[in-house]
Amino acid sequence: MLANLKVPGVYVQEITTLPPSVAAVETAIPAFLGYTQLTETAAGESLVDQPVRISSQIEYEAIFGFGPPVAVTEVELDAAMNFIRSDLRVRYYLYDAIRLFYANGGGDCYVVSTGAYSFDGSNDAEITDTDFTGPGRALEAIAKVDEPTLLLFPDMAATDATALTDVQKAALLQCGDLQDRFTICDLIREDTISRPPVAPDPAKSPGQDFRDSIGVNSLSYGAVYTPWLKTKLYHPVDYPILENMTLNFADGSSLTGFDHTQLHNDDTDILSFMRIGRAKAAHADIQLNAPADASALTTALDAVEASPPANPLPDAVTDARTNLDAAIAAYDNTDPNTLSDLADAFAAYDAALTAAFDPDANLRRIFPVYGTVANGIENDITYQPPSGAVAGVYARVDEARGVWKAPANESVIGVLGPDTRYTQTQLGNLNVHTTGKSINAIRAFPGRGTLIFGARTLAGNDGEYKYINVRRLLIFLEESIKKATESFVFEPNDANTWLRVRGMIENFLNLQWRAGALQGAKAEEAYRVAIGLGQTMTAQDVLAGRMIVDISLAPVRPAEFIVLRFSQQQAQS
């Protein structure tokens, strides 16, 4: 402006003396990759392989729906028909991981649907690694989004170890290439995976297969946790889930299958089945047989299902037919005047018919034992991979303390405890291993609860990036400074610009040092920033358009091993 002074007067010019500031980036925004109930928006647009940002469990449910039902193979009741235990299998874990993430302090996150989950009541889950790693699939889609800082895929824990580690290796490579995110890994729970379940090999140490197959690339960008977690997350149960289960009673009798179309009783009639839950267990000696071998009970139970819950139980098929004919007759007597009236009539009839033929609602009202079994299963123990809960702990610690605090010695909320307890020798082998591939243990402590008790990356032999908080702190500092420095691209590569860049970075690092992220009694002991001709650049660098900044840091590291030294001394008086 001063170069154009022509009119006499007073002019004001503002001179910038302070360097620009660095805005701190977010540190705990995970991306959950897995199978969902819904794969389209309300407008019909596909959600598959589309990263969606959410901020709550309610928002997840509104967009992606809920989790799949559990698979039930066996239920045990006592002599008073009280629920004792069940053998459950959860085949898809994304929804439960989201629930544990928010229970442990999680906030914003991304969800990438790899497709709709399938459920046929069996233990098998249709999960393939190519749904995650294939061209244009979930991992490639999330790589194009800058904001996520954590990657996890709990559904892959339901498949075999080879497929799981293939996805984990691809995620680690992405983290190493982008240098702005970190992978949280799960292990296979060997005794519960399907096709068929495999018992753990006692000759192998925990995590040995994982260490053998995870590879050696970008290991400092990931951490793995074990064991799985026991939870009591609510899982809704309806009639189809119970069709293939075995119901064991206290007197040794059992009901194999809950398929009401194939039930018969060799001793008495349908009244014996109706007394289940109101009489002794001996009355529950009902077994599943082929349809051709079924007795008149089949017809009677079909009539039960065809009646609305509020009606008394039919004595024969004719009563059920009478009820249904009455409903149809009521519909036939409607006299719609418009298409809208006709649509309303259809809707009302459809709703009534749906209610009349809802086997779950009818069975809960008619047979108390069915309600007992369903309610018990809905609140029984299931096992979950820990990655969702761990991501929530990361977010909670980052918010309360900072990304430089190791996410260890922290409570895991919403769980009953770890499903396995290791010996001291096993814990030592998990934490420190000759391969350097450390595995972080989740442990139960009397009076303290369930705690994450490990803080190492998979690069346990790396002196610089051995600890999770160090790697994540460097990601945070690098990303924050990188984004702030972008404003200097194409600025004059001279001393004035160098001074502003150095001042901006030093101010930011000073704030982090004061917050506790960097170690040192004085600022110069915690960090150092160098830039300039003869320091970090040569004349050739300037001619080539390169501005080089050297940043040295002293990140804080966790006190992993605390040694208390005691000695005795002679009495002084």
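Take 0 as the starting number for the sequence shown in numbering that gives the first Met the number 0 and just add one per residue.
The beta carbon of each residue, even a glycine, is placed where N, CA and C say it ideally should be.
Fair warning: this is a prediction, and the values are worked out from it, not measured in the lab.
Check, Outcome
"From what residue to what residue does the beta strand (DSSP E) around residue 383 run?", "381 to 383"
"Please state whether the Cβ-Cβ distance between residue 232 and residue 95 is less than 8 Å.", "yes"
"Are there three or more Cβ pairs, one per stretch, closer than 8 Å when the segment 419 to 439 is compared with the segment 53 to 61?", "no"
"Check residue 291 in the structure and name its three-state DSSP category.", "Because the pLDDT of residue 291 is 37, which lies under 50, any placement of that residue in the model is unreliable, and the number read from its coordinates should be weighed accordingly. DSSP places residue 291 in helix when its eight states are reduced to three."
"Can you give me the start and stop residues for the alpha helix (DSSP H) that residue 393 sits inside?", "386 to 399"
"Residue 546: which of 507, 566, 517 and 489 sits nearest, CA to CA?", "489"
"Below 8 Å on the Cβ atoms is my guess for residue 33 versus residue 99; work out the distance and round it to an integer in Å.", "That belief does not hold up - the Cβ atoms of residue 33 and residue 99 are roughly 13 Å apart, past 8 Å."
"Do the segment 12 to 20 and the segment 36 to 44 touch if we need at least three Cβ pairs shorter than 8 Å?", "no"
"Is the segment 452 to 461 in contact with the segment 213 to 231, if contact means three or more CB pairs nearer than 8 Å?", "yes"
"What would DSSP say about residue 562, mapped onto helix, strand or coil?", "coil"
"In the DSSP assignment, what are the bridge partners of residue 151?", "31"
"Compute the distance between the beta-carbons of residue 149 and residue 62, then report whether it is under 8 Å.", "no"
"Look up residue 86 in the DSSP assignment and say whether it is helix, strand or coil.", "strand"
"Pairing CB atoms from the segment 403 to 413 with CB atoms from the segment 445 to 455, are three or more of them under 8 Å?", "yes"
"If I measure Cβ to Cβ from residue 214 and keep anything under 7 Å in the same chain, skipping five residues before and after, which residues do I get?", "168"
"Mapping the DSSP letters down to three states, classify residue 499 as helix, strand or coil.", "helix"
"Give every residue of the same chain whose Cβ lies closer than 6 Å to the Cβ of residue 403, excluding the five residues on either side of it in the sequence, and list them in chain order.", "468, 472, 516 and 555"
"Let me know the secondary structure DSSP gives residue 110 once reduced to three states.", "strand"
"Under a Cβ-count criterion, where at least 16 other Cβ atoms within 10 Å of its own Cβ denotes burial, should residue 481 be classed as buried or exposed?", "exposed"
"List the residues that DSSP assigns as beta-bridge partners of residue 552.", "526"
"Look up residue 23 in the DSSP assignment and say whether it is helix, strand or coil.", "coil"
"Taking a contact to mean a Cβ-Cβ separation below 8 Å, would you say residue 125 touches residue 112 in this structure?", "no"
"Can we count residue 166 as close to the ligand MG, meaning its CB is less than 7 Å from some heavy atom?", "By its list of ligands, the structure shown contains no ligand whatsoever, and the ligand MG lies outside what it can speak to."
"What is the DSSP secondary structure of residue 9, reduced to helix, strand or coil?", "coil"
"What residue does the beta strand (DSSP E) around residue 224 start on, and which one ends it?", "221 to 225"
"Measure the alpha-carbon distance for residue 541 versus residue 529 and round it to whole angstroms.", "16 Å"
"Using the Cα positions of residue 58 and residue 91, report the straight-line distance between them to the nearest angstrom.", "19 Å"
"Where does residue 439 fall in DSSP's three states?", "strand"
"Report yes or no: do three or more beta-carbon pairs, one from the segment 162 to 179 and one from the segment 131 to 150, lie closer than 8 Å?", "yes"
"Just the C-alpha distance for residue 501 and residue 141, rounded to the nearest angstrom, thanks.", "33 Å"
"In or out: residue 278 buried (at least 16 other Cβ within 10 Å) or exposed?", "Because residue 278 carries a pLDDT of 36, less than 50, the predicted location of this residue cannot be relied on, and no value is offered for it."
"For residue 434, which of 424, 461 and 421 has the nearest alpha-carbon?", "461"
"Could you check what DSSP says for residue 102 in three-state terms: helix, strand or coil?", "helix"
"By how many angstroms is the C-alpha of residue 24 removed from the C-alpha of residue 544?", "27 Å"
"For residue 383, count neighbouring C-beta atoms within 10 Å of its own C-beta (all shown protein chains included) and say buried if the count is 16 or more, exposed if not.", "buried"
"What did DSSP end up calling residue 231 once you bin it into helix, strand or coil?", "coil"
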